[in-house]
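Written out below as structure tokens is the structure these notes cover.
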Amino acid sequence: MERITLLSPTGHLGFTPIERESFYRGVEREPDALVADSGSCDIGPYPLGADQQHSPVEWQRHDLELMLVASRRLGVPMIIGSAADTGTNRGVDLYVRLIQEIAKKHAFPTFRLAAIYAEVDRDDLLFRMRRVRVRGLAGRPDLTPDVVERTEHIVAMMGVEPILKALDMGADVIICGRSCDDAIFAALPIRYGFPKSLSFYAGKILECASLCAEPFMAKETVLGTVTHDAVEFEPMHPAQRCTPASVASHSLYEREDAFGHALPGGYLDLRNCVYEQVDERRTRVRGARWIDSAEYTVKLEGAGRVGERAVAFVALRDPMAIARLEDVLGWVRQKVQERYGPSGGDTYELFIHVYGRDGVLGEREPTPISCHEVGILIEAVAPSQEQATEIAALAQRNVLFARFPGARGTAGVAAMPFDEVLPARTGYAWTINHLLPLEDPLELFPIRVIEVGTPVGEVKGGSKACRN
Amino acid sequence: MPKLIDLATTIRSKNAGVDQITFDILFRDEKSYRRVRDSGALTAEVIASLYRVPLDVVTHFSYVDSAWAIKFTLRRRRPSGSPGETDVFGSQQYPPLFDIVIPF
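Taken in sequence, the protein lines are chains Z and G. The end of the first sequence is residue 467 by numbering that gives the first Met the number 0, with every number in the run present. The end of the second sequence is residue 103 by numbering that gives the first Met the number 0, with every number in the run present.
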């Protein structure tokens, strides 16, 4: 095999629907696989912690249907990573159900679906932690049992190996739980003997679809072609171009390090990448290197509940109040503390975001305040919703009643667009961002194979299922 | 003297995992890139001082000659999306970079 072409229609399946025109243009090119990632930790810890849907199911169905119809028509594999945003077992089962429903609707002949699960059982992890060190990423300390105990859901990011296994089992459609974006693209090229370096590099660039092209457009289809010595990228939207600058810049996207990119089993060395413009709309890249690591590790993600949340909004227009902002906020904190004790720890936490001053950057904001009005978002976190609501209300009302020297307004020094505290979703935090060593790349990722669709010829009976 | 915003075509910030935010500064031409790189106006120390953080919060800083890019990464104040979050995607952390003056 000289080359293999992968179609990437979206950077996050279901987040907003795939743009159809460039998708169909890509399908006309008869790619060897359709691949899309459906997950992200950008959405925050809530969907994983609560194991809840983030994107609407109907948008996910839309994207899966586009891809499944094309994949069955072309007779090429379809691989989906990190099902339903978080890649929990619930997400995988949801996508399996959607694929079954879409197959039934279109009366596709039988095909083989593999579901690869990635959720990690707390007790299993605690048991492993007796034998192995679970190293923290980004300066976090090693994982300890108490952190695992206060984590609701844990997923592990699979590498290519479980996907290769599913392909070996004859899967036409693969729904992965939490998985490395790069791995879902790299699996098929690796299976056909293309270098790991180029296969993973293709994955790294294709995982956000049209974000590797210019001008900026999201959700447009891009084709990536892996050969034995290079990878080529071509956007399917006619107004986009893949240039050396756009591809090189995307190789930096969302990664900590400019030159190294760690993956299960090794890392991608990008230091010697060379970018070459093939024609107006295509760019070719050579020079990526793959370096095996001594230990096979997978990244664990976990989210745990912090407390119930309530939010309120209040604004300042009085220049005297803005000039005395620290006094105003000091008064608010003092009144809340008088009633509920000091903020922080196990009791409650009060966050006061001051828009117009440092609402976005917090203490990292270098620019001094310079505006005639200030918006204050109050966020209270407490063990119960009632407590959080009370604390947010007390803080909001004490902005109105703040006492400070030089006040002129004596009927309230703040404006409330509504005298109301809004209940917010339960607060979760990323409790786990760690690396777990594995002896076998498959050991955390059970695969279930299901026959889907309308049997051709004789009906042999219901669907088969196996789990290993 | 020009500012960074006059020389760079892309200045962006984005989550790199749940504990870090990474910044990419991209240039249209090699001349502008080299000018900023060689000016000494953009270093890990400058970044730490601009964002008022200790130097070890800057976990990565590099000049990427092959991409005409400058990249650095900061550890987050708290993991993304925790209560108290102000920028869950980390996508609005870059504007203070605009006004960095680039000497000749």
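A virtual CB, placed ideally from N, CA and C, is assigned to each residue, including glycine.
Q: Consult DSSP for Trp-289/Z and reduce its assignment to one of helix, strand or coil.
A: What you label residue 289/Z is simply residue 290 of the first sequence in a count that begins at 1. Note: Trp-289/Z maps to strand in three-state DSSP.
Q. Leaving out five residues before and five after Asp-180/Z in sequence, what residues of the same chain have Cβ atoms less than 7 Å from its Cβ?
A. Here the question's residue 180/Z lines up with position 181 in the first sequence. Excluding residues within five positions, the ones whose Cβ falls inside 7 Å are Asp-36, Gly-80, Gly-202 and Glu-206.
Q | Start-to-end residues for the beta strand (DSSP E) that takes in Ser-61/G | A | Numbered from 1 along the second sequence, position 62 holds the residue referred to as residue 61/G. Counting along the chain, the beta strand (DSSP E) containing Ser-61/G begins and ends at 57-63.
Q | Euclidean distance between Cα positions of Tyr-347/Z and Val-52/G | A | Position 348 of the first sequence holds residue 347/Z. Position 53 of the second sequence holds residue 52/G. Roughly 27 Å between the two C-alpha positions.
**Q.** Local conformation of His-105/Z per DSSP, three classes
**A.** On the first sequence, residue 105/Z is found 106 positions in, with the first residue counted as 1. In the structure shown, His-105/Z sits in a helix (DSSP, three-state: H, G or I).
Q.
9 Å is my cut-off, CB to CB: does Tyr-116/Z come that close to chain G?
A. For the purposes of this step, residue 116/Z is taken as residue 117 along the first sequence, with counting starting at 1. False, the Cβ-Cβ gap to chain G never drops below 9 Å.
(Q) I want to see whether chain G comes within less than 9 Å of Ser-248/Z, judged by CB atoms only; does it? (A) Your numbering for residue 248/Z matches position 249 in the first sequence. Chain G, which has a Cβ nearer than 9 Å to the Cβ of Ser-248/Z, makes this yes.
Q) Hey, how far is the Cα of Asn-88/Z from the Cα of Ala-137/Z? A) Here residue 88/Z refers to the residue found at position 89 when the first sequence is read from its first residue. Here residue 137/Z refers to the residue found at position 138 when the first sequence is read from its first residue. Computed Cα separation, rounded: 27 Å.
Q) Could you check where the beta strand (DSSP E) with Phe-312/Z kicks off and where it finishes? A) In the first sequence, counting from the first residue as 1, residue 312/Z sits at position 313. Residues 295-315.
Q) Going along chain G in order, which residues have a C-beta closer than 8 Å to the C-beta of Glu-348/Z? A) The residue you call residue 348/Z lines up with position 349 of the first sequence. What Glu-348/Z touches in chain G: Pro-82 and Gly-83.
Q) Assuming Arg-240/Z and Glu-213/Z make a contact with CB atoms under 8 Å, what is their CB distance in whole Å? A) The residue given as residue 240/Z occupies position 241 in the first sequence. The residue given as residue 213/Z occupies position 214 in the first sequence. Arg-240/Z to Glu-213/Z, Cβ: 6 Å. Contact.
**Q.** Residues near Ile-24/G by beta carbon distance below 6 Å, same chain, minus five either side
**A.** Counting from 1 along the second sequence, the entry for residue 24/G is found at position 25. For Ile-24/G, where only same-chain residues beyond five positions count, the Cβ hits under 6 Å are Ala-7, Ile-10 and Ile-69.
Q) Residues bridged to Thr-242/Z by DSSP? A) Translated into the one-based positions of the first sequence, residue 242/Z becomes position 243. Residue pairing for Thr-242/Z: DSSP places it in no beta bridge.
Q) Excluding the five sequence neighbours on either side, which residues of its own chain have a C-beta within less than 8 Å of the C-beta of Gly-192/Z, listed in chain order? A) The residue given as residue 192/Z occupies position 193 in the first sequence. These residues qualify, in order along the chain: Met-0.
Q | CB contact below 9 Å: Phe-3/G versus chain Z | A | The count along the second sequence starts at 1 and reaches residue 3/G at position 4. Checking the sequence, you will find Leu at residue 3/G rather than Phe. The Cβ of Leu-3/G sits no closer than 9 Å to any Cβ of chain Z.
Q.
For a contact defined as C-beta to C-beta under 8 Å, what are the partners of Trp-429/Z on chain G?
A. For the purposes of this step, residue 429/Z is taken as residue 430 along the first sequence, with counting starting at 1. The contacting residues are Val-17, Asp-18, Pro-78, Ser-79, Gly-80 and Ser-81.
Q | Three-state secondary structure (DSSP) of Val-26/Z | A | Translated into positions along the first sequence, residue 26/Z becomes position 27. Here Val-26/Z sits in helix by DSSP.
Q) Using a Cβ-Cβ cut-off of 7 Å (strictly less than) and excluding sequence neighbours within five positions of Tyr-62/G, which residues of its own chain qualify? A) In the second sequence, counting from the first residue as 1, residue 62/G sits at position 63. Around Tyr-62/G: Arg-36 and Ile-69.
Q: Along the beta strand (DSSP E) that carries Ala-7/G, what are the first and last residues, could you check?
A: Along the second sequence, one-based indexing puts residue 7/G at 8. In this chain, Ala-7/G is not harboured by any beta strand (DSSP E), its DSSP state being neither H nor E.
Q) Where do the ends of the alpha helix (DSSP H) carrying Leu-63/Z lie? A) Against the first sequence, residue 63/Z aligns to sequence position 64. From DSSP, the alpha helix (DSSP H) with Leu-63/Z extends over 56-73.
**Q.** For Met-77/Z, the three-state DSSP class (helix, strand or coil)
**A.** If you number the first sequence from 1, residue 77/Z lands on position 78. DSSP places Met-77/Z in strand when its eight states are reduced to three.
Q.
Quick test of your reading: Arg-308/Z and Ala-379/Z, contact by CB under 8 Å. State the CB separation rounded to the nearest angstrom.
A. Taking the first sequence and counting its residues from 1, one reaches residue 308/Z at position 309. Taking the first sequence and counting its residues from 1, one reaches residue 379/Z at position 380. Indeed they touch by this definition, with Cβ atoms about 7 Å apart.
Q.
Cβ closer than 7 Å: which chain G residues qualify as neighbours of Asp-256/Z?
A. Residue numbering aside, residue 256/Z sits at position 257 when the first sequence is read from its first letter. Result: His-59.
Q. Does Glu-206/Z come within less than 9 Å of chain G when only Cβ atoms are used?
A. Walking along the first sequence from the start, residue 206/Z turns up at place 207. Chain G places no beta carbon closer than 9 Å to that of Glu-206/Z, leaving this residue out of the contacts.
Q.
In the DSSP output, what is Ser-178/Z paired with across the bridge?
A. As a first step, residue 178/Z must be located in the first sequence, where it is residue number 179. DSSP lists Met-157/Z as partners of Ser-178/Z.
Q: Kindly indicate if chain Z contains any beta-carbon less than 9 Å away from that of Thr-21/G.
A: Along the second sequence, read from residue 1 onward, the residue named residue 21/G stands at position 22. Closer than 9 Å to some Cβ of chain Z, the Cβ of Thr-21/G qualifies, so yes.
Q. In the stretch 131-154 of chain Z, which residues sit with their C-beta less than 8 Å from some C-beta in chain G, listed in chain order?
A. Under the 8 Å Cβ criterion, the stretch 131-154 of chain Z contributes Leu-136, Ala-137, Gly-138 and Arg-139.
Q.
So Asp-86/G contacts chain Z; which residues on that side make the cut at Cβ distance below 7 Å?
A. Indexing the second sequence from 1 puts residue 86/G at position 87. Going along chain Z in sequence order, the residues near Asp-86/G (Cβ under 7 Å) are Val-359.
(Q) Suppose the cutoff is 6 Å on Cβ atoms and the five residues either side in sequence are ignored; what does the same chain contact list for Glu-457/Z look like? (A) Here the question's residue 457/Z lines up with position 458 in the first sequence. Per-residue confidence for Glu-457/Z stands at a pLDDT of 42, beneath the threshold of 50, marking its modelled position as unreliable; the derived number appears in the next sentence. Contacts found: none.
Q) Pairing CB atoms from the stretch 97-111 of chain Z with CB atoms from the stretch 51-71 of chain Z, are three or more of them under 8 Å? A) Touching, yes, given that three or more Cβ pairs across the two stretches are closer than 8 Å.
Q: Give the DSSP-derived three-state secondary structure of Arg-134/Z in the structure shown.
A: Position 135 of the first sequence, counting from 1, holds the residue named residue 134/Z. Here Arg-134/Z carries a strand assignment [DSSP, helix/strand/coil].
(Q) Can you give me the C-alpha to C-alpha distance between Ala-401/Z and Val-359/Z, rounded to a whole angstrom? (A) As a position in the first sequence, residue 401/Z is number 402, starting the count at 1. As a position in the first sequence, residue 359/Z is number 360, starting the count at 1. Straight-line spacing of the CA atoms in Ala-401/Z and Val-359/Z works out to 24 Å.
Q) With C-beta atoms as the reference, is Phe-417/Z less than 9 Å away from Ile-115/Z? A) Translated into positions along the first sequence, residue 417/Z becomes position 418. Translated into positions along the first sequence, residue 115/Z becomes position 116. No, they are not a contact pair.
Q) Could you give the distance in angstroms between the alpha-carbon of Val-398/Z and the alpha-carbon of Glu-255/Z? A) Sequence index remark: in the first sequence, residue 398/Z carries index 399 (1-based). Sequence index remark: in the first sequence, residue 255/Z carries index 256 (1-based). Using only the alpha carbons, I get a separation of about 40 Å.
(Q) Distance cutoff 9 Å, beta carbons only. Does Ile-42/Z sit that close to anything in chain G? (A) For the purposes of this step, residue 42/Z is identified with residue 43 of the first sequence, where counting begins at 1. So, interface residue.
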